[in-house]
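Everything in the sequence shown is counted per the numbering used here, starting at 941 for the first residue and increasing by one.
Beta carbons are placed, not taken as given, at the ideal position from N, Cα and C, and that holds for glycine.
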Amino acid sequence: MAPAARRFGLIVVGDELLDGDREDGHFAWFKALLRPRGHQLGWYAVLPDDEAILTAHLRCAFSQGGPAFVCGGIGGTPDDKTRSCAAAAAGVALTRHPEAAALIEGRFGEEAHPDRIVMADLPSGCELIPNPVNQIPGFSLGGLFFLPGFPQMAWPMAEWVLEQRFPGTAVALRELAVRVEGVPESRLVSLMNRLTRAFPEHQIFSLPHLGDDRHVLLGLRGRTGLEAAFAALQAELDREGLSWTWPAEARP
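Shown next, in the form of structure tokens:
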């Protein structure tokens, strides 16, 4: 039996992203990571290294139960606040994790103290996520998976999370759509409401295109039974006498 499809969240932490000093590469990569496994990126946030903002958003993510990846802010410098904010958001203490401390001491020896060892101060009750690059682990807690900001470390660690915690491939999310010509998007609202009531397990969408090639891309997303819902969409368009054609990239 295929595993359940999941909608993952993604939080990327760092003032340097909001200031424009660096571009975020995680968003596109995580979408590409999840899609072949039948999962999808459900939400995405870029947050500053600000304790109040970060704690509030992590508290919200914990309340949803995950799953979500959090990239950045788990290092040992003063601006790395994700570890302490995760503990505050989860309502647990920030404590020295003995296994994480052993890994850091094994990697750096005497140079682990007094500064690098603080990366072993993690939320109580968390589990470690192995880091194949430098052995300084990430951690998981309450359905959230905390990883370094560096893509070279975060991405293989995220793959490990999926292989260990979410093995297998879920039924893929698909979409089918048509181009509706000669009407504004507002003309399709009643039709879309009828389809939403008839097929609540599917997501209907409309994407208006302006300019010289004015049209509305109207379609449905779903995992099973999509063809029947899409046939009903076409029948509704025909019943209302609306002109539609296949978009080249979406014809079934």
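In this structure, ALA1030 keeps its C-beta atom at 8 angstroms or more from the C-beta atom of LEU1062.
By the neighbour-count criterion, in which a residue is buried when 16 or more other Cβ atoms sit within 10 angstroms of its Cβ, MET1097 is buried.
In the structure shown, SER1080 falls within a strand segment according to DSSP collapsed to helix, strand and coil.
Judged by their CB atoms, ILE951 and LEU987 are nearer to each other than the 8 angstroms cut-off. Distance from the CA of ALA1042 to the CA of PHE1145, rounded to the nearest whole angstrom, comes to 51 angstroms. For GLN1174, the uninterrupted alpha helix (DSSP H) run begins and ends at 1166-1179, by DSSP. In the three-state scheme derived from DSSP, where H, G and I count as helix and E and B as strand, HIS966 is classed as helix. The way I'd put it, the segment 1116-1130 doesn't touch the segment 1044-1056; fewer than three beta-carbon pairs between them come closer than 8 angstroms. Per DSSP, VAL1120 is one residue of the beta strand (DSSP E) stretching across 1114-1121. A direct Cα-Cα distance of roughly 10 angstroms separates THR1022 from PRO1088.
By alpha-carbon distance to PRO1072, the top candidate from ARG1056, PRO1091, GLY1082, LEU1081 is PRO1091. When DSSP states are grouped into helix, strand and coil, CYS1011 belongs to the strand group. When C-beta atoms of the segment 1128-1135 are compared with those of the segment 1099-1108, fewer than three pairs fall below 8 angstroms, so the two segments do not count as touching. Closest option to ALA992, judged by alpha-carbon separation, among CYS1025, ASP961, TRP1184, LEU1157: CYS1025. For ALA1110, the three-state secondary structure derived from DSSP is coil. Collapsing the DSSP output to three states places THR995 in a helix. Sequence-distant Cβ neighbours of SER1183 in its own chain, meaning closer than 6 angstroms and more than five residues away, are GLU1121, GLY1122. For VAL1156, no alpha helix (DSSP H) encloses it; the enclosing beta strand (DSSP E) starts and ends at 1155-1162. In this structure, the beta-carbon distance from ASP989 to GLY954 falls below 8 angstroms. The Cβ atoms of LEU1113 and VAL1010 lie no closer than 8 angstroms to each other. Runs of the alpha helix (DSSP H) lying entirely within the segment 1023-1077 and spanning at least 4 residues, in chain order: 1038-1048.
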